[in-house]
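A.B. asks:
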Amino acid sequence: MGRIIPESKEIYKIIFDDFFKAPIYIGDEDKFKELINSMKEEKNFEEAKRLAKQWVNLKKDKFKINYHGKFINLGQKTAIMGILNITPDSFSDGGIYYKNIDKAIERISQMLDEGADIIDIGGESTRPGAEPVSTFEELERVIPIIKEARKQLGNDFFISIDTYKAKVAEEALKAGADIVNDISAMSFDKDMAKVVADFDCPVILNHIKGTPKNMQKNPYYDDVIEEIINFLEQQIDYGIKKGIREDRFIIDPGIGFGKNVEHNVEIIKRLLELKILGLPILIGISRKSFIGLILKNLLGKSEYPPKERINGTLAATAIAVLNGAHIVRVHDVKETAEFLTILDTIRGYRLV
598 MGRIIPESKE IYKIIFDDFF KAPIYIGDED KFKELINSMK EEKNFEEAKR
648 LAKQWVNLKK DKFKINYHGK FINLGQKTAI MGILNITPDS FSDGGIYYKN
698 IDKAIERISQ MLDEGADIID IGGESTRPGA EPVSTFEELE RVIPIIKEAR
748 KQLGNDFFIS IDTYKAKVAE EALKAGADIV NDISAMSFDK DMAKVVADFD
798 CPVILNHIKG TPKNMQKNPY YDDVIEEIIN FLEQQIDYGI KKGIREDRFI
848 IDPGIGFGKN VEHNVEIIKR LLELKILGLP ILIGISRKSF IGLILKNLLG
898 KSEYPPKERI NGTLAATAIA VLNGAHIVRV HDVKETAEFL TILDTIRGYR
948 LV
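Quick note: the sequence shown uses the numbering used here, first residue 598, plus one each step.
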């Protein structure tokens with residue numbers, strides 16, 4: 598079977614699983630159609646159909662997230678997901694909003710004013726080495742915040758629940774959440790797909806290798822993008838079989854989830870390749886350790902703690918957006934919104 602790899606916006610490469618078939622380079626749409634037709638003539642209908650679908654997916658650029666009468670048009674401008682960690686131990690802002698509802702609601706309101714389209718609420722740290730928390734504890738952390746946010750701030754904005762536990766997702770959706778953001782792409786909890794299907798809500802499928810506790814212990818890939826695509830395809834097929842509509846999926850390559858610095862850089866450089874899945878792409882780069890490590894190693898400073906990684910985050914965000922990211926998950930909403938306003942204007946998504 599073959600896979601289309603965009604080398605640029607004009608040049609495409611097809612890699613076949615069969616070792617003896619050399620890669621085929623295609624310069625434009627006409628040549629691609631020529632190839633498809635020749636495969637049909639050779640009675641290779643299934644492969645031709647697969648490649649034709651990949652081609653159509655690569656050309657998709659506009660999507661819509663909708664739930665409970667709300668919607669976000671993706672492709673017109675880059676959407677912003679603001680992070681709210683209700684945890685004592687998250688790598689960047691752990692403890693700030695933990696057991697402090699008033700402060701959490703104030704922060705949600707601030708992020709919305711600054712330009713967030715989605716508020717991502719999480720009650721369990723998934724930083725490298727993090728210990729899991731019980732379902733009860735996670736519910737105690739997030740449900741009061743979601744309920745109070747809806748009570749005080751209304752229903753006109755999207756809330757995503759950052760969890761891999763089906764019970765937490767279910768209760769959060771009942772309390773007013775709109776989207777499930779699952780770091781395991783529904784692979785940790787066998788009941789998650791049923792919850793998503795029953796609520797018919799959008800779900801973010803994140804690639805992870807291992808678990809938060811062990812994912813950074815010498816992660817290895819033959820080809821990081823190929824493995825991510827294969828995993829996400831598998832989880833999408835699984836979700837569809839469980840009753841989830843295909844247009845409910847959002848994909849996330851999982852920066853930092855079982856990847857080293859080189860893997861993270863490779864993902865951002867080759868993000869365009871994920872477009873063959875034909876789904877909106879979310880990316881979470883914000884303040885992550887690989888940004889600090891690159892800055893530390895190349896600029897010679899002793900350390901770059903999370904709050905000093907904003908400039909590096911925005912640089913990586915620019916490449917990710919130019920390579921196809923539709924949604925960016927961030928801590929620093931104001932800075933990101935200003936940055937993306939200029940980037941999207943130059944790209945032609947806004948009028949000056």
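For every residue, glycine included, the Cβ atom is placed at its ideal position computed from N, Cα and C. Note that the structure is a prediction, hence the values are computed from the model and not measured.
Per the contact definition of three or more C-beta pairs closer than 8 Å, is the segment 744-751 in contact with the segment 726-736?
C.D. replies: Not touching, per the Cβ criterion.
A.B. asks: Can you check the segment 733-801 for any beta strand (DSSP E) of at least 3 residues that lies completely inside it and give the ranges in chain order?
C.D. replies: Runs found: 755-759 and 776-779.
A.B. asks: Only counting the same chain, and skipping five residues up and downstream in sequence, which positions put a Cβ closer than 7 Å to that of Asn778?
C.D. replies: The residues are Asp717, Ser757, Ile758, Asp759 and Ile801.
A.B. asks: So, using beta-carbon positions, are Ile780 and Tyr761 closer together than 8 Å?
C.D. replies: Going by C-beta atoms, Ile780 is nearer than 8 Å to Tyr761.
A.B. asks: Is it right to say Arg842 is buried, meaning 16 or more other beta carbons lie within 10 angstroms of its own, or is it exposed?
C.D. replies: By the 10 Å Cβ count, Arg842 comes out exposed.
A.B. asks: Check for me: the beta strand (DSSP E) holding Arg600 runs from which residue to which?
C.D. replies: It spans Gly599 to Pro603 - the beta strand (DSSP E) in which Arg600 sits, taken as one unbroken run.
A.B. asks: Spatial neighbours of Ser784 within its chain, please: C-beta separation below 6 Å, excluding the five flanking residues on both sides.
C.D. replies: There are no such residues.
A.B. asks: Give the single residue among Glu644, Phe642 and Trp652 whose Cα lies nearest to the Cα of Lys628.
C.D. replies: Here the closest residue by C-alpha is Trp652.
A.B. asks: Look at Gly855 and Asn861 and say whether their C-beta atoms are less than 8 Å apart.
C.D. replies: Not closer than 8 Å, so no.
A.B. asks: Mind checking Phe617: buried by the 16 CB within 10 Å criterion, or exposed?
C.D. replies: For Phe617, the predicted structure reports a pLDDT of 47, less than 50, and the residue's modelled location is therefore unreliable. The matter cannot be settled from this model.
A.B. asks: Secondary structure at Lys839, three-state DSSP: helix, strand or coil?
C.D. replies: The answer is coil: DSSP assigns Lys839 none of H, G, I, E or B.
A.B. asks: Between Ser605 and Arg867, what straight-line distance do the alpha-carbon atoms span, to the nearest angstrom?
C.D. replies: The alpha-carbon atoms of Ser605 and Arg867 are separated by roughly 10 Å.
A.B. asks: So, at 7 Å on beta carbons, what are the nonlocal neighbours of Asn654 in its own chain, with the 5 sequence-adjacent residues on each side left out?
C.D. replies: Cβ neighbours of Asn654 beyond the five flanking positions: Lys872, Ile873, Leu874 and Gly875.
A.B. asks: On a Cα-Cα basis, can you pick out the residue from Gly836, Arg724, Ala713 and Ile878 that is closest to Thr933?
C.D. replies: Closest by alpha carbon: Ala713.
A.B. asks: Cα-Cα, which of Phe846, Asp820 and Gly840 is closest to Glu830?
C.D. replies: When each option's Cα is compared against that of Glu830, the closest is Phe846.
A.B. asks: Give a yes or no on whether the C-beta atoms belonging to Val858 and Leu892 are separated by under 8 Å.
C.D. replies: Going by C-beta atoms, Val858 is not nearer than 8 Å to Leu892.
A.B. asks: Would you mind reading off the limits of the alpha helix (DSSP H) that contains Arg647?
C.D. replies: Counting along the chain, the alpha helix (DSSP H) containing Arg647 begins and ends at Phe642 to Lys656.
A.B. asks: State the start and end residues of the unbroken alpha helix (DSSP H) segment that holds Met708.
C.D. replies: Note, Met708: alpha helix (DSSP H), Ile698 to Glu711.
A.B. asks: Going by C-alpha to C-alpha distance, which of Met789, Gln813 and Glu644 sits closest to Lys839?
C.D. replies: The residue with the shortest Cα to Cα distance from Lys839 is Met789.
A.B. asks: Look at the alpha carbon of Val949 and the alpha carbon of Thr938, and state the distance between them as a whole number of angstroms.
C.D. replies: Confidence at Val949 is low in this model, with a pLDDT of 48, below 50, so its placement is unreliable and the value that follows should be read with caution. Roughly 10 Å between the two C-alpha positions.
A.B. asks: So, are the CB atoms of Asp849 and Ile880 less than 8 Å apart?
C.D. replies: Yes, Cβ-Cβ distance for Asp849 and Ile880 is below 8 Å.
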